[in-house]
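Below is one structure, written out as structure tokens, with a few remarks after it.
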Amino acid sequence: MSKVQLLFVPFSVPISFFYRVRYKVTMGTSSSSYAPKTVYLDVDGKMQKVIFSRYCSPCDIRELLCSSSNIARNTAIRLVDSEGALVSIDPTMPTNTPNSQYKVMPQSTGQVGDKEDMFQNVLSQVAEQFSRAFRINELKTEVTNRLVMLEKRVELEGLKMVEIEKCKNDLRKLRDEMTSKGGGRVTCGCKYSFTEDGKKLSPRRDVPNYPKYTLSQETIEALKKPTFDVWHWEHNEMLSCLEYMYHDLGLVKEFNMNPITLKRWLLGIQENYRNNPFHNFRHCFCVSQMMYGMIHLCNLQERLSMTDMCILMTAAVCHDLDHPGYNNTYQINAHTELAVRYNDISPLENHHCAVAFQIISMPECNIFANIETEAFKHLRQAIITLILATDMARHGEILDSFKQNVDNFDFTNHKHVTCLKLVLIKCCDISNEVRPTEVAEPWLDCLLEEYFMQSDREKSEGLPVAPFMDRDKVTKPTAQIGFIKFVLIPMFETVMKLFPQIEEIMVQPLRDSRDHYEELKQIDDAMTEAQKKKTESKSLGGEKK
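With full-length UniProt numbering applied, the sequence shown covers 1 to 545.
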């Protein structure tokens, strides 16, 4: 019996993997969740042991199985267990033992044989008899002719749309020319231009290039929990997860969404998040997944309407669209284009709303194309209200309003439900510390990196710098302790009054995180004090000499 161990680690390991490795070395702990997986194969009667990383893609695992079974690469294969049942080939596949070996089998395409030939002959005879009885050829000709006519009409309508778009572009150019020639409009010399990236609102990829992922049952269950590890997934996989959430919550059916339009809309959303260290598409997915998890955890499907579900999910997906990586304080102090446009009132949040509905305004991305005008107006206003609530300058106002209603909360009261939705999107937006430490800590590193970029720019431009953003003053413990104690825990404990089931899964991890950072601060303070005493003793020794 040969025993060959194969270990495969893909080149596309996410950067968060190295965060976790660093964290585990520092803390001196290990976790089975990062151990490689092992499966045992039966190859020509001999056992072969195969080891692969949990970060491998299904494609990588297929290639590894082909290689270990002496099967040519790119061969279509299937994996069966000792009882002949099919086993899914992906990182979540169940492990086995040497006594229950899997078998890799190529999928044969040439097993038709005589029976299929005979079956085809019978089918041909039946088809011929049906054709005679029901005049199928005549109907076929008629249908073909009608299809040709419809195709011509579609082509003509398409040409009309092209002409309309051309006219619109000509009008825009004419308007720009008139403005540049002094049409009475004042040009604002902004320090930061939000069009400098040349970003397009329409998705650059069409739907056929959007890979279809089949989510395993393990992934589907994990998606419903706040402990979900968002670092394991590539962009296409996150898009598939978001698509699944809309289907699973019944939103596609309820609002008569075209599934292809949903895909295009999600592509448009993803491509209009910038590659910032923190405010990027992964953050969008993180917030949306937490919202989906809270909907399940708090049984909101039984308490809120389908319209409310749609508002919560869509606001979460769109809440940080085209974020430039510099917060509202910078926008206002630097008098940027957005601050001037929105009169210093939540400039970023207003911009996120505008970009969200610019994307929806495109016919190919309009997921609400099949609902009534009044229903769309209600959805639009509610989504805007939720996105504007993510401005942390309004945190105290929104939480106080919810506190007034929580003790006598009424799910039939529109005002109470609106307050709840505002607090829910705020919880999801700043919920990283609810997740396990190995998931949350990389987010803190990303946030500090974005803060430091802003403070460096503020220093170079002579603008005020917030202490919690200054790389010369802030540490991880000082950045988190106050935020967790005075923002996160009070808000989540208020929500816990209405939904007690979140205490163990969401509130307790926040308390543990607070204790963790307070311990780190004590260690930092002790080391600083020891260094100070050491320096003083050296200084005194030098004076005595």
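Quick reminder that beta carbons are idealized off the backbone N, C-alpha and C, glycines included.
These numbers were taken from a predicted model, which means no experiment stands behind them.
Contact set for residue i: own chain, Cβ-Cβ below 7 Å, skip 5 residues either direction
| i | result |
| --- | --- |
| S82 | S100 and Q101 |
| M506 | P226, V434 and F492 |
| T75 | C66 and P106 |
| C428 | V287, M290, M291, M294 and A316 |
| Q331 | L338, A339, P347 and L348 |
| R303 | F411 |
Other residues of its chain near residue i: CB distance less than 8 Å, five sequence neighbours each side excluded
| i | result |
| --- | --- |
| T528 | none |
| V474 | L448, Y451, P467 and F468 |
| S455 | V465, A466, M469, D470 and R471 |
| P436 | T227, D229 and P509 |
| E374 | none |
Backbone CA spacing between residue i and residue j [nearest angstrom]
| i | j | result |
| --- | --- | --- |
| C298 | Y273 | 29 Å |
| M93 | S57 | 12 Å |
| T385 | H351 | 13 Å |
| V87 | N96 | 11 Å |
| K532 | S513 | 28 Å |
| K103 | V43 | 7 Å |
| residue 546 | Y40 | Since the displayed the chain opens at 1 and closes at 545, residue 546 lies outside it and no answer follows. |
| Q289 | V406 | 25 Å |
| T535 | I523 | 18 Å |
| T390 | T214 | 33 Å |
| A356 | R73 | 43 Å |
| L463 | N333 | 7 Å |
| G250 | D90 | 27 Å |
| residue 566 | P259 | An answer regarding residue 566 cannot be provided, because it is not within the stretch 1 to 545 covered by the chain. |
| T412 | C419 | 13 Å |
| P98 | L79 | 16 Å |
| N70 | L64 | 10 Å |
| S216 | F402 | 38 Å |
| E138 | Q129 | 14 Å |
| L388 | A354 | 11 Å |
| D322 | N145 | 47 Å |
| N328 | L267 | 27 Å |
| G84 | E221 | 26 Å |
| Q120 | A127 | 10 Å |
| V143 | I269 | 39 Å |
| N275 | T38 | 35 Å |
Proximity of residue i and residue j at Cβ, strictly below 9 Å
| i | j | result |
| --- | --- | --- |
| C241 | F285 | yes |
| L379 | I295 | no |
| I77 | Q107 | yes |
| V287 | I502 | no |
| L498 | F409 | yes |
| L262 | E243 | yes |
| Y246 | M257 | yes |
| V423 | V495 | yes |
| C365 | W265 | yes |
| A382 | K415 | no |
| I489 | R511 | yes |
| F368 | F278 | no |
| M453 | G325 | yes |
Per-residue DSSP class, three states only, for residue i
| i | result |
| --- | --- |
| T38 | strand |
| V465 | coil |
| Q48 | strand |
| E441 | helix |
| R62 | helix |
| K473 | coil |
| L312 | helix |
| Y55 | coil |
| M257 | coil |
| P106 | strand |
| E345 | For clarity, residue 345 is Ile in the given sequence; the question names Glu instead. Three-state DSSP puts I345 in coil, outside helix and strand. |
| L239 | helix |
| residue 560 | The question about residue 560 has no answer here: the residues shown for the chain are numbered 1 through 545. |
| R514 | helix |
| V112 | Confidence in V112 is poor, its pLDDT being 41 and thus under 50, which makes the residue's placement unreliable; the coordinate value appears in the next sentence. The answer is coil: DSSP assigns V112 none of H, G, I, E or B. |
| L79 | strand |
Sequence-distant residues of the same chain with beta carbon closer than 6 Å to residue i, five excluded per side
| i | result |
| --- | --- |
| Y517 | P477, Q480 and I481 |
| D229 | V439 |
| W443 | N432 |
Closer than 8 Å is the cut-off here; do at least three beta carbon pairs connect the stretch 483 to 493 with the stretch 357 to 365? Touching, no, given that fewer than three Cβ pairs across the two stretches are closer than 8 Å.
Report yes or no: do the stretch 298 to 309 and the stretch 335 to 343 share at least 3 C-beta pairs separated by less than 8 Å? By the criterion of at least three beta-carbon pairs nearer than 8 Å, the stretch 298 to 309 is not in contact with the stretch 335 to 343.
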